[in-house]
Amino acid sequence: AQRVTQPEKLLSVFKGAPVELKCNYSYSGSPELFWYVQYSRQRLQLLLRHISRESIKGFTADLNKGETSFHLKKPFAQEEDSAMYYCALTTSGTYKYIFGTGTRLKVLA
Amino acid sequence: GAGVSQTPSNKVTEKGKYVELRCDPISGHTALYWYRQSLGQGPEFLIYFQGTGAADDSGLPNDRFFAVRPEGSVSTLKIQRTERGDSAVYLCASSSTLNTEAFFGQGTRLTVV
């Protein structure tokens, strides 16, 4: 069965420090991977998807099929990055998101 | 409206009662999804509509849960004989086509007492 694992429930970093939010998945085929973000009192929104290969708000994520990972990275964290981050997967030709349990990022001043 | 709208935002009900949760998707979006998010968990898929039909309801936990989308726009998630374990945030999302970005609503927080 497909599964998404986010091993860290909480990640605290200081402003200006690098950030890496881990995401591993299990799926034998070709997945599509996404990162969703939920800021305080806001709805879940798409941050980036691997097929776009773009950087949003300074965040990047590379799909590593060998390690089945899709870690989210940012070189210099900002206080406004504090939020809940969810990694999600869809399998090719389907529409169901399979979400991880999420990681809460706290950026300290 | 500008985004996916869900009503009510909060619902408290007694065990055994029937509840309806409403989702108003972004205008023109043909795909509509329902997810359930329990405390400390990520959203879990419940059901997907393409137009008026439920294309996949494999995530509905049991036959107490049912959803409709009679005119291909607004959807209602119905829960009969609610149980305390049904307490969660119920999220609705919509997208314009398959495999495009899904836009989420704010969710309905259901509490069964």
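Protein chains in written order, with my numbering: chain D, 3 to 111; chain E, 1065 to 1177.
In this text, a Cβ means the ideal position worked out from N, Cα and C, and glycines have one as well.
Short Cβ contact (9 Å threshold) for residue i with residue j
i, j, result
"tyrosine 1099 (chain E)", "tyrosine 1154 (chain E)", "yes"
"cysteine 1170 (chain E)", "glutamine 1070 (chain E)", "The question names cysteine, but residue 1170 (chain E) is glutamine in the sequence shown. Contact: yes."
"cysteine 89 (chain D)", "leucine 46 (chain D)", "no"
"serine 1137 (chain E)", "proline 1072 (chain E)", "no"
"glycine 1123 (chain E)", "lysine 98 (chain D)", "yes"
"lysine 1079 (chain E)", "leucine 1174 (chain E)", "no"
"leucine 1110 (chain E)", "phenylalanine 1129 (chain E)", "yes"
"glycine 104 (chain D)", "tyrosine 87 (chain D)", "yes"
"proline 20 (chain D)", "lysine 108 (chain D)", "no"
"aspartate 64 (chain D)", "histidine 73 (chain D)", "yes"
"phenylalanine 1113 (chain E)", "arginine 1086 (chain E)", "no"
"phenylalanine 78 (chain D)", "glycine 1106 (chain E)", "no"
Cβ of residue i within 9 Å of any chain D Cβ
i, result
"glutamine 1105 (chain E)", "yes"
"serine 1120 (chain E)", "Here the sequence assigns aspartate to residue 1120 (chain E), which means serine is not the residue at that position. By this cut-off, aspartate 1120 (chain E) is an interface position."
"glycine 1067 (chain E)", "yes"
"leucine 1124 (chain E)", "no"
"serine 1159 (chain E)", "yes"
"leucine 1155 (chain E)", "yes"
"glycine 1149 (chain E)", "no"
Below-9 Å beta-carbon distance, residue i vs any chain E residue
i, result
"glycine 68 (chain D)", "no"
"threonine 62 (chain D)", "no"
"isoleucine 100 (chain D)", "yes"
"lysine 24 (chain D)", "no"
"alanine 90 (chain D)", "yes"
"lysine 11 (chain D)", "yes"
"arginine 51 (chain D)", "yes"
Identity of the residues DSSP links to residue i by a beta bridge
i, result
"glutamate 34 (chain D)", "D:Thr92"
"alanine 85 (chain D)", "D:Leu107"
"alanine 1131 (chain E)", "E:Leu1141"
"tyrosine 29 (chain D)", "In DSSP, tyrosine 29 (chain D) forms no bridge with anything."
"lysine 1181 (chain E)", "Nothing can be reported for residue 1181 (chain E): it is not among the residues displayed for chain E, which extend from 1065 to 1177."
* To do: Flag this pair as touching only if the segment 22–39 of chain D and the segment 48–67 of chain D have three or more C-beta atom pairs under 8 Å; answer yes or no.
  => yes
* Asked: Could you give the uninterrupted runs of the beta strand (DSSP E) lying entirely in the segment 1080–1126 of chain E, keeping only those of 3 residues or more?
  -> 1083–1088, 1095–1101, 1108–1114, 1117–1120
* Taking only runs of the beta strand (DSSP E) that begin and end inside the segment 35–84 of chain D, which ones reach a length of at least 3 residues, in chain order? -> Whole beta strand (DSSP E) segments, 3+ residues: 47–51, 74–76.
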